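Protein chains in written order, with the working numbering: chain A, 28 to 204; chain B, 28 to 204.
Worksheet: the structure to be examined is printed underneath.
Number of protein chains: 2
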Amino acid sequence: MSSNNRKGLLIINTGNGKGKSTAAFGTLLRAWGRGFRICVIQFIKSETGKWGEIKAAEKLGIEWHTSGDGFTSRSKDLDETTARARQGWKLAQEKIVSANYDLIVLDEFTYPLKYGWLDTTTVIDWLKANRPSELHLIITGRSAPVDLMEYADLVTEMNVIKHPYAQGVKGQPGIEF
Amino acid sequence: MSSNNRKGLLIINTGNGKGKSTAAFGTLLRAWGRGFRICVIQFIKSETGKWGEIKAAEKLGIEWHTSGDGFTSRSKDLDETTARARQGWKLAQEKIVSANYDLIVLDEFTYPLKYGWLDTTTVIDWLKANRPSELHLIITGRSAPVDLMEYADLVTEMNVIKHPYAQGVKGQPGIEF
Numbered sequence: 028m029s030s031n032n033r034k035g036l037l038i039i040n041t042g043n044g045k046g047k048s049t050a051a052f053g054t055l056l057r058a059w060g061r062g063f064r065i066c067v068i069q070f071i072k073s074e075t076g077k078w079g080e081i082k083a084a085e086k087l088g089i090e091w092h093t094s095g096d097g098f099t100s101r102s103k104d105l106d107e108t109t110a111r112a113r114q115g116w117k118l119a120q121e122k123i124v125s126a127n128y129d130l131i132v133l134d135e136f137t138y139p140l141k142y143g144w145l146d147t148t149t150v151i152d153w154l155k156a157n158r159p160s161e162l163h164l165i166i167t168g169r170s171a172p173v174d175l176m177e178y179a180d181l182v183t184e185m186n187v188i189k190h191p192y193a194q195g196v197k198g199q200p201g202i203e204f
Numbered sequence: 028m029s030s031n032n033r034k035g036l037l038i039i040n041t042g043n044g045k046g047k048s049t050a051a052f053g054t055l056l057r058a059w060g061r062g063f064r065i066c067v068i069q070f071i072k073s074e075t076g077k078w079g080e081i082k083a084a085e086k087l088g089i090e091w092h093t094s095g096d097g098f099t100s101r102s103k104d105l106d107e108t109t110a111r112a113r114q115g116w117k118l119a120q121e122k123i124v125s126a127n128y129d130l131i132v133l134d135e136f137t138y139p140l141k142y143g144w145l146d147t148t149t150v151i152d153w154l155k156a157n158r159p160s161e162l163h164l165i166i167t168g169r170s171a172p173v174d175l176m177e178y179a180d181l182v183t184e185m186n187v188i189k190h191p192y193a194q195g196v197k198g199q200p201g202i203e204f
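See the structure below:
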């Protein structure tokens, strides 16, 4: 995947809409089409119904980690949520520096930052020092910290204009999860 | 794919951001993961570089039509762009009523409406009369007509907050196309 024009982008999909993770999966599909090496780490415990993309990733042979299976709590001092977020970030750090990937997706990574389970400044400083120059990194989630958006190359905000839940329609498998 | 709770959604991804088509491809990936039957029709002639998603779709066995290969101009009275849009819509109508698909993506379909190559009211009336109740339909593109958004079930607006082109960084293959 190397070329002289290649510059790894830090991409943030934020806002209150449904398309944040979905757009990341679309980019993943596009990258997979080009033979990129891809890793996805989901930071918020998967909802039971979130199967469409995981099933697809399995079929495509894309490496996929969720807080539900990969991040075990080893600290007695932190609650499980915080511990999972820190384990997830530790895993992300290993993947980022490994040089084994062209694209890494940190899905819903803004939440550990927003809720203070991870320190935003520390995370940004680490990325500045350690992010390989050709690695593309996508971070999704609501309320992305301003400092992180400042550091990012591409920031898109997804906003709901109209939503079927408001009309009493249930979430549709294969479309919304 | 049938179930009593299934309701086909009309989904619109609009706004000035990069994520409109990308989010549609993410939904496509999720739907493919669940075994949905999928068809994509791209209304604006593909840019040369738009290969990542088409390569992926080929590998996944997803039916994919672009204005570049599928829509030949047969009218002497219309310019080629208008003729292609009308051919594309005709193809879309055939696919929509065929009952052969669970999800159809009309990528960049807002442009033929916006520029008047197709009449928005006629298109909406046709969809109201002919869209199968279980079919999911995704329409992407800037400037979605208000009447179409009114008719839709789910509307998301993607807006650019920060873009690397402004900083002189070129579009990155596998990520942006």
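Ideal placement from N, C-alpha and C gives every residue a C-beta, glycine not left out.
Keep in mind the model is a prediction, meaning the values are calculated, not measured.
Using the rule of at least 16 other Cβ atoms within 10 Å of the residue's Cβ for burial, across every protein chain shown, is residue i buried or exposed?
| i | result |
| --- | --- |
| Gly-62(B) | exposed |
| Gly-143(B) | exposed |
| Thr-75(A) | In this prediction, Thr-75(A) has a pLDDT of 49, which is less than 50 and means its spatial position is unreliable; what the coordinates show is noted afterwards. Result: exposed. |
| Gly-53(B) | buried |
| Gly-88(B) | exposed |
| Ala-22(A) | For residue 22(A) there is no data in the structure shown, the boundaries of chain A being 28 and 204. |
| Val-124(A) | exposed |
| Glu-203(A) | buried |
Less than 9 Å between the beta carbons of residue i and residue j, yes or no?
| i | j | result |
| --- | --- | --- |
| Leu-130(B) | Ile-165(B) | yes |
| Lys-34(A) | Gln-199(B) | yes |
| Ile-3(A) | Tyr-138(A) | In this structure chain A extends from 28 to 204, so residue 3(A) is not present and cannot be described. |
| Gln-120(A) | His-92(A) | no |
| Ser-48(A) | Glu-184(A) | no |
| Glu-80(A) | Leu-56(B) | yes |
| Ala-84(B) | Gly-201(A) | no |
| Ala-50(B) | Ala-50(A) | yes |
| Leu-145(B) | Arg-113(B) | yes |
| Ile-65(B) | Val-132(B) | yes |
| Asp-174(B) | Thr-147(B) | yes |
Kindly say whether residue i, judged by its beta-carbon, lies nearer than 9 Å to any beta-carbon of chain A.
| i | result |
| --- | --- |
| Asn-157(B) | no |
| Asp-134(B) | no |
| Glu-184(B) | yes |
| Trp-91(B) | no |
| Gln-199(B) | yes |
| Lys-86(B) | yes |
| Glu-42(B) | The question names Glu, yet the displayed sequence has Gly at residue 42(B). It does; some Cβ of chain A falls within 9 Å. |
| Val-150(B) | no |
| Ser-48(B) | yes |
| Ile-188(B) | yes |
| Lys-45(B) | yes |
Is the CB of residue i under 9 Å away from at least one CB in chain B?
| i | result |
| --- | --- |
| Lys-34(A) | yes |
| Gly-79(A) | yes |
| Ile-38(A) | yes |
| Asp-180(A) | yes |
| Phe-204(A) | yes |
The ligand ATP and residue i: does any heavy atom of the ligand fall closer than 8 Å to the residue's C-beta?
| i | result |
| --- | --- |
| Glu-177(B) | Judged by which ligands are present, the structure shown has none, so any question about the ligand ATP falls away. |
Determine the chain D residues that contact residue i at a beta-carbon separation under 9 Å, and present them in chain order.
| i | result |
| --- | --- |
| Lys-82(B) | Absent from the structure: chain D. Protein chains present are A and B. |
Segment contact, 8 Å Cβ cut-off, at least three pairs: the region 151-160 of chain B with the region 44-55 of chain B: No contact exists between the region 151-160 of chain B and the region 44-55 of chain B.
Contacting positions in the region 53-68 of chain A - beta carbon closer than 9 Å to chain B: Here the close residues are Gly-53, Thr-54, Leu-55, Leu-56, Arg-57, Ala-58, Trp-59, Gly-60, Arg-61, Gly-62, Phe-63.
Three CB pairs or more closer than 8 Å across the region 167-176 of chain B and the region 176-187 of chain A: Contact between the region 167-176 of chain B and the region 176-187 of chain A is not established, with fewer than three Cβ pairs separated by less than 8 Å.
Contact set between the region 109-133 of chain B and chain A, restricted to residues whose Cβ is under 8 Å from the partner: Residues Asp-129, Leu-130.
Near-chain A residues of the region 159-180 of chain B - C-beta to any C-beta below 8 Å: The residues in question are His-163, Met-176, Ala-179, Asp-180.
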